[in-house]
Amino acid sequence: MNECYKSNIDFQCIRERIIYEDSDLLVLDKQRGILVHGGRNSLDFLVNAYLLKEELRSLSFKPAAVHRLDRNTSGIIVFAKNINTARKLSTALSSGSITKKYFAILLGEVKSTVVYKNHLFRNKRLKKTFVLDGKDFINAITKVNPILSSKRATLAEIVIETGFTHQIRAQCSFNNHPLINDKKYHDKFEKSNYFLHAFLVKFNEAFFKKNEFYAKPSLEFLKQVKDIFDVYEFSEFFK
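When the letters of the sequence shown are read in order and numbered with numbering that gives the first Met the number 0, they come out as residues 0 to 238.
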């Protein structure tokens, strides 16, 4: 999709990333390194340009992503193509009626399934999320299920019950298993080159014609798994 960022947009780039599309939804497999929002070099701009070109967009409503993925997070992102869909999915997100699962490569060994329950605070000036230790109020719940692990690292399936900005990154770091190479949330790392992939989004109610979507990890992600764990394929965990 990076090749789309030219003065003459090649819309084939975005067509190749489409997982599903109907009159309500556009579901894409976002590449790592691409912003969802932020001007002409964003996925939001490309999607709207594509839909206008294909005459699939109403001039009275600008299609928008209904959830966030950070620049270096790859995987499923859902765009609402009309106001009714946007409202329906916004309500579903707020009520916890949407399941989101990720693959992440974490520092250190996570030996068994663990659930992180924390109070998160977003510092808008620093553009960073902090865990407020000792707070009784919980606003973020993250389940970490190890798939492959060693003393050095863990490949984990992560399920979030809430949708706080940088939730996975902040909670995993606070609980001593930051994403490898996530410099923003762990001073040990010299670069921000972490691997986090949204592989499943499921609407827990039958909102639309299709309500469950998958996106396999990229070859780049699989190479990291191979380099760390000497395993290239883990499709048996892809459920």
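Here a beta-carbon is modelled for each residue, glycine too, at the ideal position from N, C-alpha and C.
Judged by DSSP secondary structure, PHE60 falls outside any beta strand (DSSP E); it is assigned neither H nor E.
About 6 Å separates the beta carbons of THR128 and THR164, which is inside the 8 Å limit, making them a contact pair.
Taking 7 Å as the cut-off, the Cβ atoms of SER89 and LYS29 do not count as close. Looking from the CA of PHE102, the closest CA among VAL26, SER191, ASN203 and LEU154 belongs to LEU154. DSSP places ILE167 in the uninterrupted alpha helix (DSSP H) bounded by 166–173. Straight across, the Cα-Cα distance linking ALA63 with LYS80 is about 7 Å. Distances from the CA of TYR19 to each of ASN203, ASP226 and LYS208 were compared; the closest alpha carbon is that of LYS208.
By the neighbour-count definition (other C-beta atoms within 10 Å, threshold 16), VAL114 is an exposed residue.
DSSP places GLY38 in the helix class (H, G or I) of the three-state scheme.
Between the stretch 104–119 and the stretch 144–161 there are three or more C-beta pairs closer than 8 Å, enough to call the two in contact. For ASN138, there is no enclosing alpha helix (DSSP H), as DSSP gives it neither H nor E.
For ILE82, the enclosing alpha helix (DSSP H) stretches over residues 82–94. Between the alpha carbons of ALA48 and ASN71 lies a gap of roughly 23 Å. According to the DSSP secondary-structure assignment, LEU195 is paired through a beta bridge with THR72 and ALA103.
At a Cβ-Cβ threshold of 7 Å, PHE188 and VAL130 do not count as neighbours. From the listed residues THR84, LYS215, LYS52 and SER59, the smallest Cα separation to HIS66 is found for THR84.
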